[in-house]
Every structure is written in C-alpha cells, then in structure tokens.
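Colleague: The structure's right below; bear with me while I get my questions together.
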Amino acid sequence: MDSVKSENINAKIVIVGSGIAGISAAVELTAAGFTNVQILEATGRSGGRIKTGRLGDNVVEIGANWIHGPSEENPVFCLARRYGLLDPEALTPENQAMEVGGHPPWVPNFFTSTGRKLDAECILPLQMTCLEILEESSSFEGKEEPFPSVGEFICSKALEKWADADKATRSLGFSVVSNLLKGECCVNGTHSLDEVGLGAFSLYKTLPGLDCTFPKGYEGLIQNLLSELPSDTVKYNCPVRCIEWNNTETESPVIVECEDGDRMTADHVIVTVSLGYLKKHHSTLFRPPLPLHKLHSIQRQGFGTNNKIFVEFDSAWWDADCEVMHFLWEDENSLVDKTLDLQSSWIKKLFGFTVLKPTERYGHLLCGWIAGHESEYMETLSDQEVTQAVTQLIRRFTGNPILTPKRVLRSQWFHNPWTCGSYSFPGTGCSSQDLKNLAEPLPTTGPQPLQVLFAGEATHPCFYSTVHGALLTGQREADRLLSHYSSTSTNHVLSKL
Ligand code: 6YU
7 MDSVKSENIN AKIVIVGSGI AGISAAVELT AAGFTNVQIL EATGRSGGRI
57 KTGRLGDNVV EIGANWIHGP SEENPVFCLA RRYGLLDPEA LTPENQAMEV
107 GGHPPWVPNF FTSTGRKLDA ECILPLQMTC LEILEESSSF EGKEEPFPSV
157 GEFICSKALE KWADADKATR SLGFSVVSNL LKGECCVNGT HSLDEVGLGA
207 FSLYKTLPGL DCTFPKGYEG LIQNLLSELP SDTVKYNCPV RCIEWNNTET
257 ESPVIVECED GDRMTADHVI VTVSLGYLKK HHSTLFRPPL PLHKLHSIQR
307 QGFGTNNKIF VEFDSAWWDA DCEVMHFLWE DENSLVDKTL DLQSSWIKKL
357 FGFTVLKPTE RYGHLLCGWI AGHESEYMET LSDQEVTQAV TQLIRRFTGN
407 PILTPKRVLR SQWFHNPWTC GSYSFPGTGC SSQDLKNLAE PLPTTGPQPL
457 QVLFAGEATH PCFYSTVHGA LLTGQREADR LLSHYSSTST NHVLSKL
C-alpha cells in the first residue's frame with residue numbers, strides 16, 4: 007500500500023455520513039497515513055441503510071439483505087469472507103460461479119386473490135415469458151429506445167404477446183405481468199417502472215454468484231470495518247447542515263456547519279448522504295449552490311422506496327421447499343389500472359413474500375416486499391393497522407380465515423429523515439453521463455481542487471443501489487485524494503485485509 011507524502015498527512019478530511027461508503031473511504035484514507043479524518047454522522051449509529059434488527063429471537067435485516075453476486079470481484083463478499091461472517095455454502099466455488107443475472111432461481115408458490123394455490127407448472131411458462139420481456143428491456147443502451155420507460159416497454163410487449171390468447175389465458179398472463187411489475191418495483195426501488203429509463207436500464211451490472219446473506223446480520227460487516235479505524239473517527243448525533251466551499255477567507259477552503267451550530271474547517275469533504283437526501287436538501291446543504299449540470303443529474307436520477315414487512319407464524323402454510331410466494335390478483339389488470347386509492351388498496355402493491363431460510367435458523371418467517379407510494383403510505387399506519395392488513399391479505403389468498411401471524415415488523419425508509427427512501431434507479435431520460443456528473447468533485451480544477459467529493463451508492467456507474475457499489479465509491483473518492491497527494495498510484499487496503 008502506497009502512503010501519502012509526509013507533508014500532507016495532516017490534510018483535514020471530513021466525511022459526511024457513516025454508512026458503508028463513508029466508512030470505506032475513512033478506512034482507505036487512514037490506512038494510507040492521513041491522520042486527520044473525521045466522519046460526521048447524523049444519527050446515533052453507523053451503517054446507514056445497512057441495519058440489522060430483531061424479531062423475537064430472529065436476526066432480521068431492516069435494510070440491505072443480500073450480497074448481490076458474491077464472488078471474487080465483489081469487495082463486500084471478500085471482506086465478509088475475510089471476517090468470517092458467511093455460511094460455508096456461500097464460500098463454495100459452485101456458489102461463486104452461479105450466473106443468475108440478478109434473478110435467483112427461487113422455488114415459487116403462487117396464491118390468488120380468490121384463495122387458490124395454483125399449480126406452479128401452469129404459471130412458470132407465463133413467468134418465463136415475463137422474464138424474457140424483462141431481459142429484453144436491458145438491451146437498449148446506446149440504441150434507439152422504442153419507449154421512454156421500462157414499464158411502457160414491458161406493457162406493450164405483454165399486450166402484444168397475449169393479444170390473440172383466449173380470455174382466461176390473457177387474464178392470467180396480465181396477473182403474472184402485474185405481479186412481476188410490482189416485484190421489479192421492489193428490486194429497482196421505484197414507484198412504477200414507468201419512471202425507470204429504458205435506455206439506462208442496462209447500466210446496472212450483475213456479478214456472478216448466488217446471492218447470500220449474513221447469518222448474524224449485515225451490521226457485522228460495519229462493526230468489523232469500524233474496528234480498523236481509530237476509535238474517535240466517527241462523531242455521532244452530528245447532522246451536517248451546510249457545506250460552505252470555495253472559501254477564501256479561511257486557510258482551508260471548506261467550512262462544515264453542523265445542526266448544533268458547530269463550524270469546522272476542512273481541506274476536503276466527502277459527501278455520502280443518500281440521493282434522496284440530496285434531492286430534498288441540496289439547496290441548503292451547499293453554499294455556493296451545486297453547479298446546474300450536477301443538480302439536473304441529481305433530479306434526473308431516480309430514488310424511491312422499497313420496504314419490508316416481516317411476518318412470523320407458528321407453523322408453515324407454504325410448501326416446505328418454497329422460497330418465494332407470489333400473490334396474484336385475479337381481477338387486476340395493472341397494465342391499465344394505474345391509480346389506486348391508497349387508503350383502501352395500498353396492500354395490493356405487496357408483490358408477495360420471500361421465505362427466510364434455513365427454517366432451523368428462522369422458524370416460519372416471511373418477508374413481504376412493497377415499493378412506491380403505497381409503501382410510503384404504509385409507513386404512516388400504526389403497527390396494528392399494518393398487522394391487520396397483512397393478516398387479512400394472507401387469509402384471503404390462502405382461503406384460511408383463521409391464520410394469524412405471531413409477530414409483524416416493517417421498515418420505514420421513506421420517513422427516515424436521513425435517508426428519505428431506499429435506493430436509486432436510473433430515471434427516464436437519465437444516461438451514464440448523469441451518473442458521472444453525480445460523482446464529479448467540486449471543483450475539478452483551480453488552485454484548490456477537490457474541496458467537495460461525492461460518494462454513496464447512487465454515484466456508482468453500474469453497481470448503484472447496492473452495498474458493494476457504495477463501498478467502491480468510498481474507495482474511489484479516497485483514491486482520488488490519495489492520487490492528489492501522492493506521486494505514485496495506490497492499492498486498496500480493503501482488498502488486502
Ligand atoms: C445490497 C441488498 N437491499 C433493502 C433496503 C434498503 C437498501 N440495499 P447510507 O445511506 O447507508 O449512508 C449515508 C449515511 O449518511 C447515513 O448513516 C445517514 O444517517 C448519514 N447522513 C445523512 N444525512 C446526513 C447529514 N446531513 N449529516 C450527517 N450524516 C448524514 N444493497 O447490496 N443488497 O439486499 C439490498 C436493500 C430496504 C433500504 C437495500 C441493498 C441498498 C444498500 O443498503 C445501499 O446501497 C447502501 O447501504 C448505501 O450505502 P451508502 O453509504 O451509500 O449510504 C436490473 C436492475 C436492477 C437495479 N437494481 C438491482 C439491485 C437491487 C438492489 N437491491 C436491493 C435489495 C435489497 C433488498
């Protein structure tokens with residue numbers, strides 16, 4: 007590992023946010039020799055959108071769930087392996103070599119709104135058709151786009167596909183597409199795929215490896231990384247109110263002002279707040295304001311909500327091998343019905359449940375997934391109202407009027423004031439240039455360059471919306487400062503741990 011020149015080790019670097027991006031930047035900078043690195047975190051904890059909770063005796067993930075693509079190229083996988091945080095199966099070469107393209111081959115159960123459990127064999131061909139259309143949606147980068155959004159493309163293809171089918175087949179086909187759209191809203195963290203740009207959809211890249219989880223919780227990764235830092239690196243309960251850059255009156259060009267009125271000077275500030283937070287607070291967070299091209303990219307890039315509802319039962323009412331259950335609304339044609347009354351229909355947006363495995367570890371625990379405005383509305387309801395709605399839904403779809411959950415727990419990412427939603431997606435009209443603009447430091451040239459740098463999941467060109475993407479952006483900005491201060495190139499310390 008090359009280190010920073012001794013005359014520069016005192017450069018004052020402030021990092022805003024103690025999520026994985028902020029922490030990975032601090033680890034790199036500290037290991038390279040910088041002695042004046044401070045993370046300012048608004049809340050009382052590190053991890054941000056990596057947040058592990060408990061439901062009864064179970065460890066549950068309120069935020070990030072999986073390592074997407076756990077294989078050698080994935081720095082989160084390599085660190086988790088190094089720290090001994092994974093189950094043995096996740097470490098096998100077979101697991102790492104699996105190419106699933108972001109869609110793990112889960113064993114499904116299908117339930118309908120009239121209380122029927124459908125034969126999976128009948129639905130799988132319809133589902134395959136939907137997945138083929140979805141795959142086709144990822145082929146328009148740099149090409150002429152027949153529609154502005156992924157949603158419009160999928161709906162037009164589905165209508166074309168089942169145009170000549172009999173009424174029953176078409177109706178079932180549309181129910182399956184509608185369910186796929188809801189599931190993809192969760193995957194992409196968007197209200198509707200009509201908000202996801204068709205051309206930019208293929209910017210997201212997957213890595214090989216069958217997605218795996220942290221048996222004792224994702225936060226183990228955060229705790230291990232924090233142990234690489236001096237103990238006073240993170241200052242908690244310290245929300246940053248304003249970053250004044252281009253200062254000529256102080257020796258250091260940046261002043262960071264906190265909510266409590268505290269003001270500190272810095273040579274460089276790495277901003278890792280979520281895109282949702284930036285969209286909402288950019289006008290007060292930066293003085294002078296952000297350049298227009300950066301602001302427009304922040305506006306074009308999408309940021310939405312995906313929430314989980316954990317539901318625990320005393321015993322399983324699903325097949326023993328079931329890994330995901332889809333709830334199909336038979337009467338629904340969301341290819342046409344776009345606006346729902348939130349109060350009465352929010353629960354219809356829940357696409358279904360994943361089953362937490364292995365059963366010996368989790369018992370009979372399901373995780374429901376719901377995205378978009380319905381998910382944001384769900385956050386405003388009481389625990390009791392959410393439990394009641396989920397119980398009614400499950401009773402209706404199983405046809406079992408007495409099924410009662412033991413415990414229910416949901417996430418509330420939209421109303422978290424420091425996150426303002428779940429993760430980013432490429433909005434309509436968005437291009438790779440917008441992602442470059444998001445990552446561009448301020449200023450890039452001049453006598454005092456690199457005063458404000460930008461990291462965080464939304465600034466990664468192809469791994470946005472993921473933990474590994476966020477981690478890599480923290481390293482990227484640390485490297486930017488290292489190359490600014492050193493004459494030689496750098497190697498990542500995290501890859502050597
Ligand atoms: C992944 C997964 N996963 C589920 C859910 C969520 C997310 N992700 P942070 O926000 O963490 O840190 C910023 C800090 O800044 C924070 O601590 C704030 O408190 C602080 N802050 C804010 N304002 C401040 C201020 N003013 N002053 C001081 N401090 C301030 N990723 O790899 N696997 O399974 C999931 C999932 C419900 C909410 C996820 C997942 C996303 C990650 O959690 C997220 O990217 C990183 O943790 C962000 O870290 P960070 O450091 O950037 O910000 C085709 C195609 C499809 C495209 N998408 C497919 C990918 C699917 C993504 N899947 C996600 C799925 C789940 C379930």
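My numbering puts the first residue of the sequence shown at 7, with every later residue one more than the last. Cβ coordinates follow ideal geometry from the N, Cα and C atoms, glycine included.
Given that a residue counts as buried once 16 or more other Cβ atoms are within 10 Å of its Cβ, and exposed if not, what is residue 60?
Modeller: Working through the sequence shown from its first residue, we reach residue 60 at position 54. Under this definition residue 60 is an exposed residue.
Colleague: Restricting to Cα atoms, I'd like to know which of 32, 55, 72 is closest to residue 238.
Modeller: Within the sequence shown, numbered from 1, the residue matching residue 238 stands at position 232. Of 32, 55, 72, the residue nearest in Cα terms is 32.
Colleague: With DSSP run on the structure shown, which of helix, strand or coil describes residue 332?
Modeller: Start at 1 with the first residue of the sequence shown, and residue 332 comes out as number 326. In the structure shown, residue 332 sits in a strand (DSSP, three-state: E or B).
Colleague: Would you identify the three-state DSSP class for residue 56, choosing helix, strand or coil?
Modeller: As a position in the sequence shown, residue 56 is number 50, starting the count at 1. Reduced to three states, the DSSP call for residue 56 is coil.
Colleague: Whole angstroms are fine: how far does the CA of residue 210 sit from the CA of residue 358?
Modeller: On the sequence shown, position 352 is the one that residue 358 refers to. On the sequence shown, position 204 is the one that residue 210 refers to. Each residue's Cα considered, the two are about 24 Å apart.
Colleague: Does DSSP classify residue 478 as helix, strand or coil?
Modeller: Taking the first residue of the sequence shown as position 1, residue 478 is located at position 472. Residue 478 falls in the helix class under three-state DSSP.
Colleague: If you check the beta carbons only, do residue 463 and residue 491 fall under 8 Å apart?
Modeller: Indexing the sequence shown from 1 puts residue 463 at position 457. Indexing the sequence shown from 1 puts residue 491 at position 485. Going by C-beta atoms, residue 463 is not nearer than 8 Å to residue 491.
Colleague: Is the Cβ of residue 446 closer than 8 Å to any Cβ of chain D?
Modeller: No chain D appears in the structure shown, which is made up of a single protein chain.
Colleague: Just how far apart, CA to CA, sit residue 182 and residue 460?
Modeller: Along the sequence shown, one-based indexing puts residue 182 at 176. Along the sequence shown, one-based indexing puts residue 460 at 454. Roughly 40 Å between the two C-alpha positions.
Colleague: Taking the C-alpha atoms as reference points, what is the distance between residue 405 and residue 330?
Modeller: Here residue 405 is taken as the residue at index 399 of the sequence shown, counted from 1. Here residue 330 is taken as the residue at index 324 of the sequence shown, counted from 1. Looking at the two C-alpha atoms, the distance is approximately 18 Å.
Colleague: Three Cβ pairs or more, each shorter than 8 Å: is that satisfied between the segment 197–213 and the segment 371–383?
Modeller: Short answer: they touch.
Colleague: Using CA atoms only, rank isn't needed, just tell me which of 441, 283, 352 is closest to residue 248.
Modeller: Here residue 248 refers to the residue found at position 242 of the sequence shown. Measuring from the Cα of residue 248, the nearest candidate turns out to be 283.
Colleague: Considering only residues of the segment 249–323, which uninterrupted alpha helix (DSSP H) runs meet the minimum length of 4 residues and lie entirely inside it, listed in chain order?
Modeller: You should have 281–291, 298–306.
Colleague: Where does the unbroken alpha helix (DSSP H) through residue 74 begin, and where does it stop?
Modeller: In the sequence shown, residue 74 corresponds to position 68, counting from 1. Careful: residue 74 lies outside any alpha helix (DSSP H) and carries neither H nor E.
Colleague: Skipping 5 residues on each side, what residues in its chain have a beta carbon closer than 6 Å to that of residue 79?
Modeller: Taking the sequence shown and counting its residues from 1, the one referred to as residue 79 is at position 73. These residues qualify, in order along the chain: 213.
Colleague: Assuming residue 385 contacts residue 421 (C-beta within less than 8 Å), just tell me the rounded distance between them.
Modeller: Translated into the one-based positions of the sequence shown, residue 385 becomes position 379. Translated into the one-based positions of the sequence shown, residue 421 becomes position 415. Indeed they touch by this definition, with Cβ atoms about 5 Å apart.
Colleague: Any heavy atom of the ligand 6YU closer than 7 Å to the CB of residue 315?
Modeller: As a first step, residue 315 is located in the sequence shown; it is residue number 309 there, counting from the start. Checking every heavy atom of the ligand 6YU against the Cβ of residue 315, none is found closer than 7 Å.
Colleague: Does the ligand 6YU have a heavy atom nearer than 7 Å to the CB of residue 312?
Modeller: Taking the sequence shown and counting its residues from 1, one reaches residue 312 at position 306. It does: the Cβ of residue 312 is within 7 Å (strictly closer) of some heavy atom of the ligand 6YU.
Colleague: Kindly indicate which three-state DSSP category residue 429 falls into: helix, strand or coil?
Modeller: Indexing the sequence shown from 1 puts residue 429 at position 423. Three-state result, residue 429: strand.
Colleague: Flag this pair as yes or no: are the beta carbons of residue 438 and residue 467 separated by less than 8 Å?
Modeller: As a first step, residue 438 must be located in the sequence shown, where it is residue number 432. As a first step, residue 467 must be located in the sequence shown, where it is residue number 461. Yes, they are a contact pair.
Colleague: May I ask you to report which of helix, strand or coil DSSP gives residue 392?
Modeller: Walking along the sequence shown from the start, residue 392 turns up at place 386. Helix at residue 392.
Colleague: Which same chain residues end up closer than 6 Å to residue 400 when comparing Cβ atoms and leaving out the 5 residues on each side of it in sequence?
Modeller: Reading the sequence shown from its first residue, position 394 is the one you call residue 400. The answer, listed in chain order, is 409.
Colleague: Cα separation between residue 231 and residue 177?
Modeller: As a first step, residue 231 is located in the sequence shown; it is residue number 225 there, counting from the start. As a first step, residue 177 is located in the sequence shown; it is residue number 171 there, counting from the start. Cα-Cα distance, rounded: 51 Å.
Colleague: To the nearest angstrom, how far is it from the Cα of residue 169 to the Cα of residue 447?
Modeller: The count along the sequence shown starts at 1 and reaches residue 169 at position 163. The count along the sequence shown starts at 1 and reaches residue 447 at position 441. For residue 169 and residue 447, the distance between alpha carbons rounds to 50 Å.
Colleague: Looking at residue 70 and the ligand 6YU, is the gap between the Cβ and the nearest heavy atom below 7 Å?
Modeller: As a position in the sequence shown, residue 70 is number 64, starting the count at 1. Yes, Cβ of residue 70 sits closer than 7 Å to a heavy atom of the ligand 6YU.
Colleague: If contacts are defined as beta-carbon pairs under 8 Å, then residue 425 and residue 201 qualify, I think. What distance do you get, rounded to the angstrom?
Modeller: On the sequence shown, position 419 is the one that residue 425 refers to. On the sequence shown, position 195 is the one that residue 201 refers to. Residue 425 to residue 201, Cβ: 19 Å. No contact.
Colleague: Would the beta-carbon of residue 475 be found less than 7 Å away from any heavy atom of the ligand 6YU?
Modeller: Counting from 1 along the sequence shown, the entry for residue 475 is found at position 469. Checking every heavy atom of the ligand 6YU against the Cβ of residue 475, one is found closer than 7 Å.
Colleague: Could you tell me whether the Cβ atoms of residue 355 and residue 381 are closer together than 8 Å?
Modeller: Sequence index remark: in the sequence shown, residue 355 carries index 349 (1-based). Sequence index remark: in the sequence shown, residue 381 carries index 375 (1-based). Closer than 8 Å, so yes.
Colleague: Who are the near neighbours of residue 285 in its chain, counting only those whose CB is closer than 8 Å to its CB and skipping five residues on each side?
Modeller: In the sequence shown, the residue the question calls residue 285 occupies position 279. If we look at residue 285 and ignore the five residues flanking it on each side, its Cβ neighbours are 304, 305, 309, 426.
Colleague: For residue 465, count neighbouring Cβ atoms within 10 angstroms of its own Cβ and tell me buried if that reaches 16, exposed if not.
Modeller: On the sequence shown, position 459 is the one that residue 465 refers to. Residue 465 should be labelled buried.
Colleague: Apart from the five residues on each side of it in sequence, which residues of its chain come closer than 7 Å, Cβ to Cβ, to residue 18?
Modeller: Looking up residue 18 in the sequence shown gives position 12. The answer, listed in chain order, is 42, 258, 271, 272, 273.
Colleague: Looking at residue 262: is its Cβ nearer than 8 Å to the Cβ of residue 275?
Modeller: Taking the first residue of the sequence shown as position 1, residue 262 is located at position 256. Taking the first residue of the sequence shown as position 1, residue 275 is located at position 269. Against a cut-off of 8 Å, the Cβ pair of residue 275 and residue 262 comes out as a contact.
Colleague: With a floor of 3 residues, list each beta strand (DSSP E) that falls wholly inside the segment 417–462, ordered by position along the chain.
Modeller: Listed in chain order, the complete beta strand (DSSP E) runs (minimum 3 residues) inside the segment 417–462 are 429–431, 458–460.
Colleague: Looking at C-alpha atoms only, which residue of 23, 9, 15, 13 is the closest neighbour of residue 281?
Modeller: Residue 281 sits at position 275 when you count from the first residue of the sequence shown. Considering only alpha carbons, the answer is 23.
Colleague: Confirm, please, whether the CB-CB distance from residue 218 to residue 96 is below 8 Å.
Modeller: What you label residue 96 is simply residue 90 of the sequence shown in a count that begins at 1. What you label residue 218 is simply residue 212 of the sequence shown in a count that begins at 1. In this structure, residue 218 lies closer than 8 Å to residue 96 by Cβ.
Colleague: Curious, which full-length alpha helix (DSSP H) runs of at least 4 residues does the segment 144–193 contain?
Modeller: Segments of the alpha helix (DSSP H) lying fully in the segment 144–193: 156–167.
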